[in-house]
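To keep things clear, I will list the structure first and then write my remarks on it.
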Amino acid sequence: MLPCPNCGHAFSEAKVTMDFACPKCSVWLRSNAFYLMVANLFALALLTLPFGQSFIYYALASALIGTVLYSVRIVTLRARPPSLMACAAAVLLQIAAPTFAQAQTSNPADADRARICVYRPPAQLGRLVPLKVEANRIEIAKLRVREYSCTQLPPGPVILSGILWSDSRYSEDHRKELRRRLAGATTLHFKFAQLPGPVASFTFAEISAADAATEFRSYRRVEGREFIGTRIDIDGIEPYDWLKQYHSDPKPAAVPSFLSASANEGFLRRPQYSALLVGFLSQIFRQNEPLIDRWLDDFDRFSGRERQVIACSLLVSGSPAGRTYLERSSGGPITSERDRSTHCDSSQGLDLLTLKVESGTAINLLWGAFFATGNAEFIRRIASVLPQGASSRRELRLLAFTAELTLTTNARSHPAVMKACDDMASSSDTDIGGLMKRVVTNARKTRERPDNTIDPDARESGARGSL
Numbered sequence: 000m001l002p003c004p005n006c007g008h009a010f011s012e013a014k015v016t017m018d019f020a021c022p023k024c025s026v027w028l029r030s031n032a033f034y035l036m037v038a039n040l041f042a043l044a045l046l047t048l049p050f051g052q053s054f055i056y057y058a059l060a061s062a063l064i065g066t067v068l069y070s071v072r073i074v075t076l077r078a079r080p081p082s083l084m085a086c087a088a089a090v091l092l093q094i095a096a097p098t099f100a101q102a103q104t105s106n107p108a109d110a111d112r113a114r115i116c117v118y119r120p121p122a123q124l125g126r127l128v129p130l131k132v133e134a135n136r137i138e139i140a141k142l143r144v145r146e147y148s149c150t151q152l153p154p155g156p157v158i159l160s161g162i163l164w165s166d167s168r169y170s171e172d173h174r175k176e177l178r179r180r181l182a183g184a185t186t187l188h189f190k191f192a193q194l195p196g197p198v199a200s201f202t203f204a205e206i207s208a209a210d211a212a213t214e215f216r217s218y219r220r221v222e223g224r225e226f227i228g229t230r231i232d233i234d235g236i237e238p239y240d241w242l243k244q245y246h247s248d249p250k251p252a253a254v255p256s257f258l259s260a261s262a263n264e265g266f267l268r269r270p271q272y273s274a275l276l277v278g279f280l281s282q283i284f285r286q287n288e289p290l291i292d293r294w295l296d297d298f299d300r301f302s303g304r305e306r307q308v309i310a311c312s313l314l315v316s317g318s319p320a321g322r323t324y325l326e327r328s329s330g331g332p333i334t335s336e337r338d339r340s341t342h343c344d345s346s347q348g349l350d351l352l353t354l355k356v357e358s359g360t361a362i363n364l365l366w367g368a369f370f371a372t373g374n375a376e377f378i379r380r381i382a383s384v385l386p387q388g389a390s391s392r393r394e395l396r397l398l399a400f401t402a403e404l405t406l407t408t409n410a411r412s413h414p415a416v417m418k419a420c421d422d423m424a425s426s427s428d429t430d431i432g433g434l435m436k437r438v439v440t441n442a443r444k445t446r447e448r449p450d451n452t453i454d455p456d457a458r459e460s461g462a463r464g465s466l
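Heads up, the sequence shown is in numbering that gives the first Met the number 0, so the first residue is 0 and it goes up one at a time.
Shown next, in the form of structure tokens:
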């Protein structure tokens, strides 16, 4: 039996409803189940807008919780501790539910996809202008402060970019990038934050799922691109690594994928890699003339420096099909004086084995050709300039230094290069043989720290392979 709080009249607990009147004093009374429903509706009003959860979800949850608790007599008219605790637990459950439901229902990652979410905290600079966020050079969304967006990508390497507004446009000079390798069925969270210090600087930082669910829980979600299928890898290998490994396992059929991934990753656009790419692609085109017609349709989508690198490679290869295609599509190739350093104006193609090694660009061309063919003669051509390290002319000493440094670096990481260098060191008594012994010795030394030496484009030495 339960007493009426107003008159003390006792009546059966079985008669209690959510809203009823005392049979003696006619005072309207409400049970805790009624207050539970009110609390649930209040939670609904607060949580529906920021999280976008449906009203049906809350209505069903409220009815279910209220019915279950009341049926087992946990919620009654009397304000007993178990009754109040049950009400509080029900409200807390619904407050926590949106975060869980959102994490499970908002484009969840599956075995064939990974998911990334990017958050933009407040900052002193640029707070009024949206930040453009990209993954693999494809825009995800534009974020203002206290906003976030998510997208899904194929497993593999990803380049996450944030581009700041400058001079009335999104400036490539203000692009910040972060590289990660994604696995399927995983979700990674990142924030684009301003670094402390006198100079305004921004960076990406990875955050935990717990921080995303607590510190950034109140951020507004911005709907963006749901899935980005653009890849920056070939069978899980990034373009630069694929190029260097090609000679050990040639796969001409994957060349279009290599060009596509290189364009998405930005590899084709970087001036320091241009000569390396021309040397590499020109030999690929020369060895696979029958496939060029099939590849040409894919070339139409490239533009700017990407197209220039491919066009130059076709010309250096001497491919008749390539030259016909270029003349038909652009009225003939247009080259500048600097382009002629890579012989892009050659009408008959270029035999790189006869190329005079007079610059860092020539060294880069030869390295590209070696990575395409595995022909040790290209390495011999690079090694031919080593004796010029004793020259009185600074530019010749720099050229010899570049050649030795790239030989040492690549011999350390590529068995085919080490074998070629070892053969030259052991089979020659000339000055080159002695210098190659030094290259082999240095390449075999155990490094005390991770290999941070330059790539074969020799960009640190000032020999840049630009077109």
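Note that CB positions come from ideal geometry on N, CA and C, so glycine has one too.
Beta-carbon proximity of residue i to residue j, cut-off 9 Å
| i | j | result |
| --- | --- | --- |
| residue 118 | residue 215 | yes |
| residue 389 | residue 435 | no |
| residue 169 | residue 177 | no |
| residue 147 | residue 224 | no |
| residue 380 | residue 423 | no |
| residue 442 | residue 419 | no |
| residue 553 | residue 264 | The shown model of the chain, from 0 to 466, leaves out residue 553, and the question about it has no answer. |
| residue 205 | residue 262 | no |
| residue 260 | residue 201 | no |
| residue 370 | residue 242 | yes |
| residue 136 | residue 160 | yes |
| residue 297 | residue 258 | yes |
| residue 209 | residue 124 | no |
| residue 120 | residue 143 | no |
| residue 406 | residue 438 | yes |
Span of the alpha helix (DSSP H), counted from its first residue to its last, around residue i
| i | result |
| --- | --- |
| residue 238 | 238-244 |
| residue 404 | 393-412 |
| residue 226 | Segment: none, residue 226 is in no alpha helix (DSSP H) and carries neither H nor E. |
| residue 114 | First-last for residue 114: 113-119, but that is the beta strand (DSSP E), not the alpha helix (DSSP H). |
| residue 146 | First-last for residue 146: 146-152, but that is the beta strand (DSSP E), not the alpha helix (DSSP H). |
| residue 377 | 375-382 |
| residue 202 | Here residue 202 belongs to no alpha helix (DSSP H); instead the beta strand (DSSP E) covers 200-206. |
| residue 440 | 430-443 |
| residue 305 | 303-316 |
| residue 390 | First-last for residue 390: undefined, no H or E at that position. |
| residue 195 | That residue, residue 195, is in no alpha helix (DSSP H); it is neither H nor E in DSSP. |
| residue 268 | Residue 268 -> no alpha helix (DSSP H), and no H or E assigned at all. |
| residue 278 | 273-286 |
| residue 385 | Note, residue 385: premise wrong, no alpha helix (DSSP H); not H, not E. |
| residue 362 | 359-372 |
Contact set for residue i: own chain, Cβ-Cβ below 8 Å, skip 5 residues either direction
| i | result |
| --- | --- |
| residue 372 | 246, 282, 286 |
| residue 104 | Note that residue 104 scores a pLDDT of 37, beneath 50, so its modelled location is shaky; the value from the coordinates is reported in the next line. Cβ within range, chain order: n/a, list empty. |
| residue 431 | 382, 383, 385, 386, 423 |
| residue 308 | 267, 273, 276, 277, 280, 466 |
| residue 426 | 432 |
| residue 187 | 113, 114, 115, 116, 179, 181, 205 |
| residue 413 | 243 |
Proximal residues to residue i (C-beta, below 7 Å), its chain only, five neighbours per side dropped
| i | result |
| --- | --- |
| residue 6 | 21, 23, 24 |
| residue 394 | none |
| residue 284 | 291, 312, 313, 316, 318, 321 |
| residue 53 | Bear in mind that a pLDDT of 45 at residue 53, under 50, signals an unreliable position, so the model cannot answer this. |
| residue 174 | 160, 162 |
| residue 44 | At residue 44 the pLDDT is 49, less than 50, meaning the model places this residue with poor confidence; the figure from the coordinates comes in the next sentence. If we look at residue 44 and ignore the five residues flanking it on each side, it has no Cβ neighbours. |
Distance cut-off 8 Å: residue i Cβ against heavy atoms of the ligand COA
| i | result |
| --- | --- |
| residue 141 | Absence of the ligand COA from the depicted structure is noted, as is the absence of any ligand whatsoever, leaving it without description. |
Contact set for residue i: own chain, Cβ-Cβ below 6 Å, skip 5 residues either direction
| i | result |
| --- | --- |
| residue 462 | Confidence at residue 462 is low in this model, with a pLDDT of 40, below 50, so its placement is unreliable and no value can be given for it. |
| residue 397 | none |
| residue 300 | none |
| residue 469 | The structure shown does not extend to residue 469, since the chain spans only 0 to 466, so no value can be given for it. |
| residue 280 | 312 |
| residue 417 | 410 |
| residue 189 | 117, 203, 205 |
| residue 256 | 233 |
| residue 226 | 151 |
Extent of the continuous beta strand (DSSP E) run through residue i
| i | result |
| --- | --- |
| residue 184 | Per DSSP, residue 184 belongs to no beta strand (DSSP E) and is neither H nor E. |
| residue 156 | 155-165 |
| residue 137 | 137-142 |
Bridge partner(s) assigned by DSSP for residue i
| i | result |
| --- | --- |
| residue 353 | In the DSSP output, where bridge partners are listed per residue, residue 353 has none listed. |
| residue 131 | 141, 162 |
| residue 233 | 236 |
| residue 169 | 164 |
| residue 177 | 159 |
Interface flag, residue i vs chain B, CB-CB below 9 Å
| i | result |
| --- | --- |
| residue 422 | Here there is only one protein chain, and chain B is not present. |
Validate contact between the stretch 402-409 and the stretch 353-367 using beta carbons, cut 8 Å, 3 pairs:
At 8 Å Cβ cutoff, the stretches touch.
I'd like to know if the stretch 224-235 and the stretch 151-163 are in contact, where contact means that at least 3 CB-CB pairs between them fall below 8 Å. yes
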